[in-house]
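Asker: Have a look at this one.
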Amino acid sequence: MSARAAVVAGSVLLLIGVTFSLYLATLTHFHSFDSVAYALNIRRFEETGRAGWLFHPHHLLFNCLGWISHETLVCLVDSEATTLTALQVFTCGFGALGVGLFAVWIHEETRSRYVSALAAAALGGSWGWWFASTDGRANVAATALLPLVLWALSRAARASPSSGSLPKRYAGLAGLALGAVCLLHESHVLFLPVALGAAFLPAAPLKARLRRAIALLAAFTATVAIPYVLVLILVKRLGTLSEMQAWLLSYARQDTWWSFALEENLFKDARAEWKFLTGQDLSAPGGSLIWGGPASSVSLLLWTVLTATGIYGWFRGRIPRSGPTIQPPSFGGAVALSGLILYAAFFTIWDPGYYVFWCVQSLFFIALLAFGWQSAARTKSVRAALFLIVLTLGVINYSAAIQPRQETTRNPHLGLAQAVRPIADRGGILLATGTGKAAEAEVYVPYFARMQVLVLHQAFAEANGDPDQAFASLQQTVGKVLGRGNCVFLLSEVVTPGEGQRALARRYGVSPGQIEAFLSRYQRHRVGAYQDLILYRLSPRRQQH
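Using our numbering, the letters of the sequence shown map in sequence onto residues 572 to 1116.
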């Protein structure tokens, strides 16, 4: 290893270590629905031994790796560590690794330690990357490995055709890494056409380009297919292709996630990206944009400067002095732009507006800016100013959006679960809509209060919106629980006008009157409350003769 390579490697390891320490020191207590659901499923596996809890069609190996992390943490660090804490530590490590790998890829493209460090700091200090890393999200763990794919593609493109099998090996590494990314979250299959194009397009004889593309595709297919087939057959024990297809496409077949209201969705895209970068909300009441709190105004100014500098640098580096012709983007720029467009297009119609699905787009966006900063930051003063801006953005994100989420008292979902815990019956159930502001109760109450939640929206989804079938299923479950002597509780949002009832009416046409009619056979006894939510215990009404 050359002295220069050793310095770069040492710098990357230092960057990963510092980022990991920062993330560990700022673990969130405002957990997302998905993070608690992951932790709950891992705990269910540990308690039941049923391996099915560890494997999800969208992120096949994430829960399995989370379980390994929990076992490791319990054995080596803290015997009382929870599955949720283990997931947080696990994704802190992956988030930090992703920042380091991103720096490596940017350095491969720019050959500038300054630009790669600046870009890595911008990504690692963005609210979405920082928060998702400390929250235990599969999305950031998967995206963290994507820069390895990008680096391998760059190496394959730059390797001389006369260097034997080296380009093919790098292409195979890219396919292997992309397969690993997809095992952590399947949405990254979106990058496969970009990766194949990147492996095929660089100048070389046709046979050499075909070999690169085939090596990438073969490595990707084997990496993804083998684990999925093993899980389908040995764990899920699905014997027919239709059963396998139903499991693999269970989410894609649900209308809940798709939306083709493009005008509305484009605004949601902007809101998601703004949320990812700053942790602030973007809204438009009455048609006028509101960017968030006071800190958001400063963030808007600073991101405008960073973006303008990147655009200026991009054009400066591509307009030759001899004429107005604009040179095409670099290899890395073309890959980043293609990936950005493809991912943004898909997530405009799939669950639009959810910030965590903008991890990849934000990574590509920052990469494109970094390629412009390379040409714009030619003087020490400009370099210092850009670094100060990125540092300031990180400080703002911490003070305005990271630190407040470290306080347990600010998490209403945790507060509700703690209110349920004193009265919880481990064999009982809590009835909730599973939508609206109390939607997180579906996972928070089972995890923190150790009582199962029966959600109405799931009952209606399984009944394909048939109210008679859904209410019959609910009544049967409630009857079984009461019949064995356990408690059935009701969350007041089920019977109170609000987001939960509106969501059920919008999705399934369920009226408040139908819900009241279903519950009329039970008496309600108030047993607790949290904020504006009331907890009732249900008991059968006595038959009058």
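Using N, Cα and C, we set each Cβ at its ideal position, and we do this for glycine too.
Compute the distance between the beta-carbons of residue 849 and residue 600, then report whether it is under 8 Å.
Answerer: As a working note, residue 849 is residue 278 in the sequence shown. As a working note, residue 600 is residue 29 in the sequence shown. Not in contact: residue 849 and residue 600 (Cβ atoms no closer than 8 Å).
Asker: Under three-state DSSP, which class holds residue 858?
Answerer: For the purposes of this step, residue 858 is identified with residue 287 of the sequence shown, where counting begins at 1. With a pLDDT of only 47 at residue 858, under 50, the local geometry of the prediction cannot be trusted, and the value read off the model is given with reservation. Correct three-state label for residue 858: helix.
Asker: If distances are taken between C-alpha atoms only, which option among 1027, 981, 983 comes closest to residue 1001?
Answerer: Position 430 of the sequence shown, counted from the first residue, corresponds to residue 1001. The shortest C-alpha separation from residue 1001 is found at 1027.
Asker: Mind checking which residues open and close the beta strand (DSSP E) that includes residue 1099?
Answerer: Here the question's residue 1099 lines up with position 528 in the sequence shown. Element bounds for residue 1099: 1093-1101.
Asker: Can you tell me whether residue 648 is buried or exposed, with buried defined as 16 or more other CB within 10 angstroms of its CB?
Answerer: Stepping through the sequence shown from its first residue, residue 648 is reached at position 77. Per the 10 Å Cβ criterion, exposed.
Asker: My guess is that residue 847 and residue 933 are in contact by the Cβ rule of under 8 Å, so how many angstroms apart are they, rounded?
Answerer: Stepping through the sequence shown from its first residue, residue 847 is reached at position 276. Stepping through the sequence shown from its first residue, residue 933 is reached at position 362. Indeed, because the Cβ distance is near 5 Å, the residues count as touching under 8 Å.
Asker: In or out: residue 859 buried (at least 16 other Cβ within 10 Å) or exposed?
Answerer: By one-based count along the sequence shown, residue 859 stands at place 288. Low local confidence applies: a pLDDT of 48 at residue 859 is under 50, so the model's placement there is unreliable, and no value is given.
Asker: Assuming residue 716 and residue 751 make a contact with CB atoms under 8 Å, what is their CB distance in whole Å?
Answerer: Taking the first residue of the sequence shown as position 1, residue 716 is located at position 145. Taking the first residue of the sequence shown as position 1, residue 751 is located at position 180. At roughly 6 Å, the Cβ-Cβ gap stays under 8 Å, so residue 716 and residue 751 are in contact.
Asker: Out of 1070, 785, 712, which has the shortest C-alpha to C-alpha gap to residue 753?
Answerer: The sequence position of residue 753 within the sequence shown is 182, counting from 1. Residue 753 has its Cα closest to that of 712, out of 1070, 785, 712.
Asker: Determine the DSSP secondary structure at residue 825, reduced to helix, strand or coil.
Answerer: As a first step, residue 825 must be located in the sequence shown, where it is residue number 254. If DSSP states are grouped into helix, strand and coil, residue 825 belongs with coil.
Asker: Could you please give me the residues that DSSP links to residue 738 through a beta bridge?
Answerer: Start at 1 with the first residue of the sequence shown, and residue 738 comes out as number 167. None, per the DSSP bridge assignment.
Asker: Do residue 721 and residue 906 have their beta-carbon atoms positioned less than 8 Å apart in this structure?
Answerer: Here residue 906 refers to the residue found at position 335 when the sequence shown is read from its first residue. Here residue 721 refers to the residue found at position 150 when the sequence shown is read from its first residue. Closer than 8 Å, so yes.
Asker: Take every Cβ of the region 869-885, pair it with every Cβ of the region 727-746, and state whether three or more of those distances are shorter than 8 Å.
Answerer: no
Asker: Quick check on residue 1110: does DSSP put it in helix, strand or coil?
Answerer: The residue given as residue 1110 occupies position 539 in the sequence shown. Correct three-state label for residue 1110: strand.
Asker: Do residue 1003 and residue 1087 come within 8 Å of each other at the CB atom, strictly closer than that value?
Answerer: Here the question's residue 1087 lines up with position 516 in the sequence shown. Here the question's residue 1003 lines up with position 432 in the sequence shown. Not closer than 8 Å, so no.
Asker: Just verifying my parser: in three-state terms, what is the DSSP assignment at residue 774?
Answerer: What you label residue 774 is simply residue 203 of the sequence shown in a count that begins at 1. Looking at residue 774 - three-state DSSP - the assignment turns out to be coil, as it is neither helix nor strand.
Asker: How many Å lie between residue 902 and residue 952 at the Cα?
Answerer: Here residue 902 refers to the residue found at position 331 when the sequence shown is read from its first residue. Here residue 952 refers to the residue found at position 381 when the sequence shown is read from its first residue. CA-CA distance, residue 902 to residue 952, rounds to 29 Å.
Asker: In chain order, what residues of the same chain lie with their CB nearer than 7 Å to the CB of residue 591, ignoring the 5 residues before and after it?
Answerer: Position 20 of the sequence shown, counted from the first residue, corresponds to residue 591. Counting only residues of its own chain and dropping the five nearest sequence neighbours on each side, residue 591 has a CB closer than 7 Å to the CB of 663, 664, 667.
Asker: Looking at residue 1005: is its Cβ nearer than 8 Å to the Cβ of residue 1052?
Answerer: Here residue 1005 refers to the residue found at position 434 of the sequence shown. Here residue 1052 refers to the residue found at position 481 of the sequence shown. Result no, Cβ atoms of residue 1005 and residue 1052 do not sit closer than 8 Å.
Asker: CB residue 684 to CB residue 582, shorter than 8 Å?
Answerer: Counted from its first residue, the sequence shown places residue 684 at position 113. Counted from its first residue, the sequence shown places residue 582 at position 11. Contact: yes.
Asker: Does residue 1111 pass the burial test, meaning 16 or more other C-beta atoms within 10 Å, or should it be called exposed?
Answerer: In the sequence shown, the residue the question calls residue 1111 occupies position 540. Flag for residue 1111 reads exposed.
Asker: Could you compute how far the alpha carbon of residue 1075 sits from the alpha carbon of residue 615?
Answerer: The count along the sequence shown starts at 1 and reaches residue 1075 at position 504. The count along the sequence shown starts at 1 and reaches residue 615 at position 44. Whole-angstrom Cα-Cα distance: 29 Å.
Asker: So the candidates are 917, 744, 725; which of them puts its Cα closest to the Cα of residue 759?
Answerer: On the sequence shown, residue 759 is found 188 positions in, with the first residue counted as 1. Selected option, being the one with the closest Cα: 917.
Asker: Should residue 1068 be labelled buried (16 or more other beta-carbon atoms within 10 Å of its own) or exposed?
Answerer: Locating residue 1068 in the sequence shown gives position 497, where the first residue counts as 1. Counting Cβ neighbours within 10 Å, residue 1068 comes out exposed, since fewer than 16 surround it.
Asker: Counting Cβ pairs closer than 8 Å, one from the region 623-634 and one from the region 800-808, do we hit at least three?
Answerer: Because the criterion of three Cβ pairs below 8 Å is met, the region 623-634 and the region 800-808 touch.
Asker: Under the rule that 16 or more other beta-carbon atoms within 10 Å means buried, what is residue 697, buried or exposed?
Answerer: One-based indexing of the sequence shown puts residue 697 at position 126. Flag for residue 697 reads buried.
Asker: Mind the definition here: the region 978-998 touches the region 1033-1049 only if three or more C-beta pairs lie below 8 Å; say whether that holds.
Answerer: Taking one beta carbon from each stretch, the region 978-998 and the region 1033-1049 have fewer than 3 pairs nearer than 8 Å; the two do not touch.
Asker: Return the CA-CA distance between residue 783 and residue 762, expressed in angstroms with no decimal places.
Answerer: By one-based count along the sequence shown, residue 783 stands at place 212. By one-based count along the sequence shown, residue 762 stands at place 191. Their Cα atoms are separated by approximately 16 Å.
Asker: Classify residue 1066 as helix, strand or coil using the three-state DSSP reduction.
Answerer: As a first step, residue 1066 is located in the sequence shown; it is residue number 495 there, counting from the start. Coil, per DSSP.
Asker: Is it buried or exposed, residue 840, if we count other Cβ atoms within 10 angstroms and call 16 or more buried?
Answerer: Stepping through the sequence shown from its first residue, residue 840 is reached at position 269. By the Cβ-count criterion, residue 840 is buried, with 16 or more other Cβ atoms from all chains shown falling within 10 Å of its own Cβ.
Asker: Label residue 868 either buried or exposed according to how many other C-beta atoms from any shown protein chain fall within 10 Å of its C-beta, with 16 as the threshold for buried.
Answerer: Taking the sequence shown and counting its residues from 1, the one referred to as residue 868 is at position 297. When all chains shown are included, residue 868 counts as exposed.
Asker: Please report the distance separating the alpha-carbon of residue 1057 from that of residue 658.
Answerer: For the purposes of this step, residue 1057 is taken as residue 486 along the sequence shown, with counting starting at 1. For the purposes of this step, residue 658 is taken as residue 87 along the sequence shown, with counting starting at 1. Taking the straight line from one Cα to the other gives about 32 Å.
Asker: So within the region 1026-1057, which uninterrupted alpha helix (DSSP H) runs reach at least 4 residues, ignoring any that extend past its ends?
Answerer: 1027-1033, 1038-1054
Asker: Per DSSP, residue 702 forms a beta bridge with which residues?
Answerer: Position 131 of the sequence shown, counting from 1, holds the residue named residue 702. Answer is none; residue 702 lacks a bridge partner.
Asker: Under the assumption that residue 1136 contacts residue 748 (Cβ atoms under 8 Å), give the Cβ distance between them as a whole number of angstroms.
Answerer: This structure gives no information on residue 1136, because the portion of the chain shown stretches from 572 to 1116.
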